[in-house]
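Convert by adding 1123 to the 1-based position in the sequence shown; the result is the number in the working numbering. Here the structure is laid out as structure tokens; the discussion comes afterwards.
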Amino acid sequence: MKLIVAFAILSLSAPLSANATRSVSTPEAIDNTQVYISKRPAKNARLFYSEAVEKEIARIKKLLKNPYLAWMFENCYPNTLDTTVHYNLDNGDDNTYVITGDINAMWLRDSSAQVLPYLELCKKDKKLQQMLRGVIRRQAKYLLLDPYANAFYGNGGKCEHADDGTDMKPGVFERKYELDSVCYPLFLAYAYYQATGDLSPFDELWVKAVHNVYDVMREQQRKGGFRTSYHFTRQTSAMHDTQSNSGFGHPANPVGLIASAFRPSDDCTIFPFLVPSNFFAVSVLNKTAEILDKIGQSPLASNCRSLASEVHDALLKYAVVNHPKYGKIYAFEVDGFGSQLLMDDANAPGLLSLPFLGCIPTSDPIYQNTRKFVWSMDNPYFFKGAAGEGIGGPHVGYDMVWPMSAIVKAYTSTNDEEIKQCLTEVMNCDAGLGFIHESFDKNDDTHFTRNWMAWANTIFGQLIVKLVNENKIYLLNSLPVPNHPIK
């Protein structure tokens, strides 16, 4: 039975930013009979229940005076738990399989990002903490199965990429090596440790997984030559879905950076040293070293710190570009030979998201210059139209804006007007469905990709919780209500 919540839509006095790209309701246009029906599954159909999360939803909704925002928050924030989390016990150990939404496979990146917003609540909810331990454990098993794979299947999943030209193994859904994919499980592990102080997930299995990650990173510095143990080709008409040079990709000069065959979008890199992912690797290696010291694995901790230092120094030397318009900015990809690709992709890690992932401070002057560049028409994958603006990428095609980019921009902003503009756009580009899509056409938000992408939904909920906890309820309650009907 669906929960029905009715709101009287309030007049909102805050004007729409002059830079907004879509009209919003005026008091005269508001339909005061609008009824907002929760789009969560019926209680008996939800995959995972957390009392702490339910209380958080009730707390936040009580504070939100904007009915559309409250409706979207209730739909989106619990979406990962409601629809993608499969928790059980495996020989007495916590075990959690997390699908992405409309794809029945577990991405190392997506699964980490999907559950991260619930970490701050897990001390209040033992079941939630067990579920998170289960994600860490399952990811460790996957890293032992194949640290070069980005996605795995289970619970009846089926491999759709068995014919790819790479060393596929049973249980692997896709074997696109993405540096961020091996970073995210370590990022989640450290965030879990910070939130709980619990060291129980970091057993012999987890330590072996960290060894595998470290070995992959060292191999992909390509100091042993251009042809490493990893290669990938796919029979496809999409250039971004395969790698050149018989699957080994573009040559790289071994300057200390770590190669990544694919981006977080699952698109191939052009130049192999993906700068945002290298920043991410530096951050997670140092964080992982803290845990390793705590559990008596100091030699591996020392190796992690040494690699992090080497990559950090190489980033400062090879990833900074003197742009004629913006000054010093970070390149998106480099090859160590002097070639640099200037753009950004909507995914995280991307250049815009570096502070969001704790890689660099928002105040970093080079980041601030980079931020201006990536949110401008000078970024070849920044799109602006009648429906909205933001960063996209090759993955779903040209002129397709990813709402996640606006969410990340708001998350990393210190300017209230900028945050309001981002949130206004996100609310206006949902096609009246109350969920966050993967992407939408810059001129028509009813043309979108993916009805069900749990990461995008949950990160939106995470942003709202963050703003409430930062005492920015006034900002949330000043947002205009979209003028399109709900569906």
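We treat Cβ as the ideally placed atom computed from N, Cα and C, and that holds for glycine. Since the model is a prediction, treat every value here as computed from it, not as a measurement.
Contact check, V1333 vs L1423, beta carbons under 8 Å: Taking 8 Å as the Cβ cut-off, V1333 and L1423 qualify as a contacting pair.
Option nearest G1277 by Cα separation, candidates P1270, Y1271, E1297 and Y1307: E1297
Which residues DSSP lists as bridging M1523, in chain order: In DSSP, M1523 forms a bridge with D1564.
The region 1299-1315 touching the region 1400-1412, judged by at least three CB pairs closer than 8 Å: yes
Straight-line Cα distance separating P1603 from L1546: 10 Å
Beta-ladder partner(s) of E1593, from DSSP: Looking at the DSSP assignment, E1593 forms no beta bridge with any residue, so it has no partner.
Secondary structure of L1474, DSSP reduced to three states: coil
Inter-residue spacing [alpha-carbon to alpha-carbon] between P1605 and M1550: 7 Å
Helix, strand or coil at K1451 according to DSSP, with G and I counted as helix: strand
As assigned by DSSP and simplified to three states, the class of L1311: helix
Neighbourhood of Y1313 by C-beta distance below 8 Å, restricted to the same chain and skipping five residues each side: Answer for Y1313: V1407, K1410, T1411, E1413 and I1414, listed in chain order.
Inter-residue spacing [alpha-carbon to alpha-carbon] between A1228 and E1456: 28 Å
For S1601, the nearest candidate out of L1590, T1392 and K1543 (CA to CA): K1543
Cβ-based burial, S1369 [other Cβ within 10 Å; buried from 16]: exposed
From D1290, N1214, S1323 and F1275, residue whose alpha carbon lies closest to that of L1255: Nearest C-alpha to L1255: S1323.
Straight-line gap, S1400 to V1158 (C-alpha atoms, nearest Å): 43 Å
Inter-residue spacing [alpha-carbon to alpha-carbon] between A1529 and E1174: 30 Å
Coil, strand or helix - T1581 by DSSP: helix
Inside the region 1209-1290 only - beta strand (DSSP E) runs reaching at least 3 residues: Here the runs fully enclosed are 1216-1221.
Delimiting residues of the alpha helix (DSSP H) encompassing N1167: Taken as a continuous stretch (DSSP letters only), N1167 belongs to no alpha helix (DSSP H), as it is neither H nor E.
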